[in-house]
Amino acid sequence: MSAVVALDVGGTLMKAAVVDSHGQVLVNDFRPTPAEHAAEGVVSYAAEVVSRVPDTVAVGLVVPGLVDEERGVVHYAANVGLQDVPLRDLAQRRLGLAVSLGHDVRAGGLAEGMFGAARGVDDFLFLPIGTGMAGAIFVGGQPYAGSVGQGGEIGHAPVLPNGEQCRCGQRGCLETYASAASIARRYVQQGGPPGTTTQEIVSRASNGDLIARRVWADAVAALACALATYTMLLDPELIVIGGGLGESGEALLGPLGKELAERLAWRDPPALVGAALGASAGTFGAAILAWRAVGYGDAGVNWRLF
Ligand SMILES: [Zn+2]
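For what it's worth, my numbering labels the leading residue of the sequence shown as 1111, then goes sequentially.
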């Protein structure tokens, strides 16, 4: 029985899975992302996982940042330490196997679309909200990466003219108000006790903590503003919120859905749901890309992950 190796490279961890042609996960593994020589570290780790499964036929690698999937090049992934690296070809030469390179969030969206929260939906936004925030745009059933692979960076869409400074150099970006890291930072800046987690802030917001309530209201308003713009431009059927904040469930989806509906005066808002695959979405997406690299159409793999 043949299998593929899927590797999701994040800022902190590299997560690996071996997935067979029945779509079943045979091996799950992880290790810290190397602080230096990231390309070598990623390829060596892939080689190690491949060596554990003799029938491996392909490898799928997904990374954050600016990724040219067609050429197999990582242009810029700041939190992994990769810049202008032809990672697909490097891995292919070293492993002697077909390798596919993808963007972590677009790959995660692919998995959510195939067997997660957006199953059967052609037009949707997959928006994981964690330390940062990037989205994956799906139009007509296909991920849309834009002209140079920077499509979907809704976290840096401006939601407030002359708003707070974003780490990216712009002002008033969505991420500045609504990422998990920004919510925690703004809570402390406005007088909340340091060390409070974003989850605690979310629950305090509904329990009379006025600072938490204000910071949370700002986050929801910023998200509603950006999602109203997205809805007007692309008319999605569905918006899938993932990442750590997506796990807040109704505490986020309730107020966000209400505020999004209020902003859209003459049309219905798209459905708003939490992601289904959690932190595994990127790895499953990498497995899909790996199977595609050896010519398996999505129907060729009998996905039975759950
Ligand atoms: Zn920004």
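Ideal placement from N, C-alpha and C gives every residue a C-beta, glycine not left out. Being a predicted model, the structure only gives us computed values, none of them experimental.
Nearest C-alpha to ALA1397 among LEU1333, VAL1383, LEU1220: LEU1220. Secondary structure of THR1166 (DSSP, three-state): strand.
Restricting attention to GLU1285, GLY1352, VAL1350, the CA atom closest to the CA of ALA1331 is found in GLU1285. By the neighbour-count criterion, in which 16 or more other beta carbons inside 10 Å mark a residue as buried, VAL1153 falls on the buried side. ILE1311 and ILE1293 have their C-alpha atoms spaced approximately 8 angstroms apart. When DSSP states are grouped into helix, strand and coil, ARG1229 belongs to the coil group.
Taking the C-beta atoms as reference points, LEU1348 is found nearer than 7 angstroms to PHE1234. Annotated three-state conformation of SER1154 is helix, per DSSP. Residue range 1176-1178 is occupied by the beta strand (DSSP E) that includes ASP1178. Rounded to the nearest whole angstrom, the CA to CA distance from ALA1126 to GLY1151 is 13 angstroms. In this structure, ligand 1 has a non-hydrogen atom nearer than 6 angstroms to the beta-carbon of GLN1280. TYR1254 has its alpha-carbon roughly 29 angstroms from the corresponding atom of ASN1272. A Cβ-Cβ contact shorter than 7 angstroms links GLY1392 with VAL1172.
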